Amino acid sequence: MIIYEMAEKHYQAAAESGIGDSFTVEDTMAELEGYLASLKKDQLRAYAKELGLRGYSGLRKDRLADLIAGLLLEPSVMRRRMGILTDEQIRIFEKALEEPCLPREEEETDLYRLEDLAYVVRDDSGRICVPDDVAAAYRELSSRSFHYYRRRVSWIMRCLYFSETFYGVVPADRLYEIYLTHPLLKMSRERFLCLLQQIPEDLRSCHIAGSYIISAEFHDVDKCRALLQEQAGKEYYLPAYEEVEELWKKGYIEYRDGWQKLARWIREKYIPSREAVDDLVRDTWEKLASGEDYSRTYLWLAGEVLFLRSGKELLALAKLLRGANDHTRMRIHRGFTPMELRIRENNDAMFIATFVMPGCTEAALKLRMTRELLLSAGLRVDLEMTADRVRLTRNGTVGEEAAEEKIVYPRDPCPCGSGRTYADCCGWKQARPDYKEA
């Protein structure tokens, strides 16, 4: 993000000083080096460090700008850096490639990534432009094989964004499973890991440590350990393809069960602007999804944003925010919502309490006929656990010299003919090998 932040400061300074009044594409932006040379030297040094360059500390500003531009225009470097762009971002880039243009409001988010790459710039009127040497290098790069590569790498970037938001620390194999949710872009695990490692480090906010991918936020060992302790014992939620796309495009995942109700209540009673409410809901979602305490988020929303005073208003907000919180995918739960975890816990308890086993042959026959229905209702059926296989002699008594084998349940009549149940007769004796007749 350094180059984008530098560009913002540069344009702001130019506007305040009046320099931008005569600042045009033809003047300084026709070549990438000219744009870079218009930045301050300490900004260029910061960008050179981000790019991993060495031996630049003693260079003059113009020479440093030339060094950075030369690196960015190298075919292999441009391929790896532009390989992270989505179809929407490439479309914006190619539109600016044809002629300078003003971006639409909905294009601004995608434009941030393009500006971060330094392959597009803005002139004083806010138009986005592609320097001539960048345009020439891209035309050489653009091909079917490049876009085949780019679509796969850009999908990996979206998967990384999901894992950064909801996992923090994730095994590479789990990230590969997320990648495979795309309906079209399939490849082997080995190829996936190869492309993952090719993404420039300054463009992915994570690092690879052995078989794990750790988000930049958790590079600190203590923070990483604390996160893993919070997540201990929880599985990784596997998202649908649509969820990964929604998070990438909107910055949050909207669940109609909770967040839309909260947004509608705020809009109807306090903030009529839909755009302002959407921003507020997104900020609230980010707090809860990243693990911020629910009570702290509630107090922030009630006291610092909506300025609620009456008990009725506070109770209404508490109810709506709790509903939204229950349907929020959270990092501390490895992507699961609190509601999903409660359902899983209840199902586990039901699993233990409703394990169905027959006590006699008649019950076993009835369970066998209704087994599929019981399974669909969430019940477990085991026809063998309580049964014994006994060997019968030709006269029907239990013995070692067996002519046939029979399945006997605890409440069945004992095959020995005693008139008692198997559990109270030979079954009990079989369970007590030390038993002897008096």
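The opening residue of the sequence shown carries number 6 in the numbering used here; numbering runs sequentially from there. All C-beta atoms in this analysis are idealised placements derived from N, C-alpha and C, irrespective of residue type, glycine included. In this text, all values refer to a predicted model and were calculated from it rather than measured experimentally.
Sequence-distant Cβ neighbours of LEU208 in its own chain, meaning closer than 6 Å and more than five residues away, are ILE89. If you keep only unbroken alpha helix (DSSP H) runs of at least 4 residues inside the stretch 103-175, you get 113-122, 137-146 and 149-171. Following the DSSP letters along the chain, one finds CYS211 inside the beta strand (DSSP E) bounded by residues 211-214. For ILE219, the closest C-alpha among the options VAL175, GLN236 and TYR124 is that of VAL175. It is roughly 30 Å from the alpha-carbon of SER295 to the alpha-carbon of ILE95. A direct Cα-to-Cα measurement between LYS274 and TYR303 gives close to 17 Å. Boundaries of the alpha helix (DSSP H) harbouring TYR303: 299-304, taken from the DSSP string. Scanning the stretch 412-437 from its first residue to its last, the whole alpha helix (DSSP H) runs of 4-plus residues come out as 431-436.
Taking every protein chain shown into account, the CB of ILE412 has fewer than 16 other CB atoms within 10 angstroms, so this residue is exposed. 8 Å or more divides the Cβ of GLY173 from the Cβ of PRO244. About 6 Å separates the CB atoms of LEU252 and THR170; that is less than 8 Å, so the two are in contact. Comparing alpha-carbon positions, the option among LEU77, CYS164, LYS255 and LEU69 lying closest to TYR242 turns out to be CYS164. The beta carbon of ALA74 lies closer than 8 Å to those of GLU36, LEU37, GLU38, LEU41 and ASP138 in the same chain, with the five residues before and after it left out. Every unbroken stretch of the alpha helix (DSSP H) spanning 4 or more residues and falling wholly within the stretch 222-296 is given here in chain order: 226-236, 246-255, 264-274 and 279-294.
DSSP, read as helix, strand or coil, puts SER220 in strand. In the DSSP assignment, MET87 falls within the unbroken alpha helix (DSSP H) covering 80-87. With contacts defined by Cβ atoms closer than 8 Å, LEU306 and LEU326 form a contacting pair. In the structure shown, ASP393 adopts extended strand secondary structure according to DSSP, grouped into three states.
Spanning the alpha carbons of PHE167 and ARG84 requires a straight line of approximately 24 Å. With a beta-carbon spacing of about 5 Å, TYR257 and ARG287 fall inside the 8 Å limit used to define contacts.
Between the stretch 178-193 and the stretch 64-79 there are fewer than three C-beta pairs closer than 8 Å, too few to call the two in contact.
Minimum Cα-Cα distance from ARG109 among the listed residues ARG132, TYR124, LEU102 and ALA123 corresponds to ARG132.
SER148 counts as exposed, since fewer than 16 other C-beta atoms from the protein chains shown sit within 10 angstroms of its C-beta. Counting only the Cα atoms, CYS430 lies some 15 Å from CYS365. Rounded to the nearest whole angstrom, the CA to CA distance from MET374 to MET390 is 18 Å. Apart from sequence neighbours up to five positions away, the residues of its chain that approach PRO415 with a beta-carbon distance below 8 Å are GLY364, CYS365, THR391, THR426, TYR427, ALA428 and GLY432, ordered along the chain. Around the C-beta of CYS211, 16 or more other C-beta atoms lie within 10 Å, and the residue is accordingly described as buried. Residues ALA307 and LEU313 of the same chain have their beta carbon placed closer than 7 Å to that of LEU319, with the five preceding and five following residues left out of the count. Rounded to whole angstroms, GLU120 and MET87 show a C-alpha spacing of 11 Å. The three-state secondary structure of GLU36, taken from DSSP, is coil. For GLU410, the pairing in a beta bridge is given by DSSP as ARG396.
Inclusion of LEU146 and PRO80 in the CB contact set at 8 Å is warranted, their separation being smaller than that value.
Comparing alpha-carbon positions, the option among ALA231, LYS66 and THR289 lying closest to TRP264 turns out to be THR289. Linking LEU58 to LEU107 through their CA atoms gives a straight-line distance of about 33 Å.
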